[in-house]
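Chemist: In this note's numbering, the protein residues as written are 1041 to 1202. The structure is given below, and queries will be raised subsequently.
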């Protein structure tokens, strides 16, 4: 994507991030909800470098790689799964500003411990392992639901932790 195209799309990307964050905050403020945290991530599909084998192997399980590579647009599928993993981290770690921090890995941490699989219905679901599982338990999270979408340029995912 050239810089002019990217620049023209930054506005809509930020607008989508804002709307998603606003909806998430409304859900968190709903006292009848069992929601403990919400995460949203949106990325340019081209920014997810699936040509870098090290990146793919550090961040996607074999099952995720097989699923994405079998899809009509593998790049979009990898980007959607990446967004879901980022959204899961945010859902687990953004429970409340006053609560104890539970996610201690840095920005470059591999995300292979957060696995996004597909149910027979096609719906994505989350399986967490290792440090991610420990962080969720520490936060009192027992269930994480995700929704993933992608179109021409963007991939977006939302995760709800309860």
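By construction, the Cβ of each residue, glycine as well, lies at the ideal position given by its N, Cα and C atoms. Bear in mind that the values here come from a model prediction, so they are computed numbers and not experimental data.
For the candidate residues 1169, 1083, 1100, whose alpha-carbon lies nearest to that of residue 1189?
Modeler: Within the chain shown, residue 1189 is the residue found at index 149, counting from 1. When each option's Cα is compared against that of residue 1189, the closest is 1083.
Chemist: Is residue 1171 near residue 1153, with beta carbons less than 7 Å apart?
Modeler: Locating residue 1171 in the chain shown gives position 131, counting from the first residue. Locating residue 1153 in the chain shown gives position 113, counting from the first residue. Going by C-beta atoms, residue 1171 is nearer than 7 Å to residue 1153.
Chemist: Quick check on the burial criterion: 16 or more other C-beta atoms within 10 angstroms. Buried or exposed for residue 1079?
Modeler: Working through the chain shown from its first residue, we reach residue 1079 at position 39. Looking at its Cβ environment, which holds 16 or more other Cβ atoms inside 10 Å, residue 1079 is buried.
Chemist: Report the rounded CA-to-CA distance for residue 1088 versus residue 1131, giving the unit in angstroms.
Modeler: Here residue 1088 refers to the residue found at position 48 when the chain shown is read from its first residue. Here residue 1131 refers to the residue found at position 91 when the chain shown is read from its first residue. Looking at the two C-alpha atoms, the distance is approximately 21 Å.
Chemist: Under a Cβ-count criterion, where at least 16 other Cβ atoms within 10 Å of its own Cβ denotes burial, should residue 1109 be classed as buried or exposed?
Modeler: Within the chain shown, the letter at position 69 stands for residue 1109. Under this definition residue 1109 is an exposed residue.
Chemist: Going by the DSSP bridge assignment, what does residue 1079 pair with across the sheet?
Modeler: By 1-based counting over the chain shown, the position of residue 1079 is 39. Note: residue 1079 sits in a beta bridge opposite 1199.
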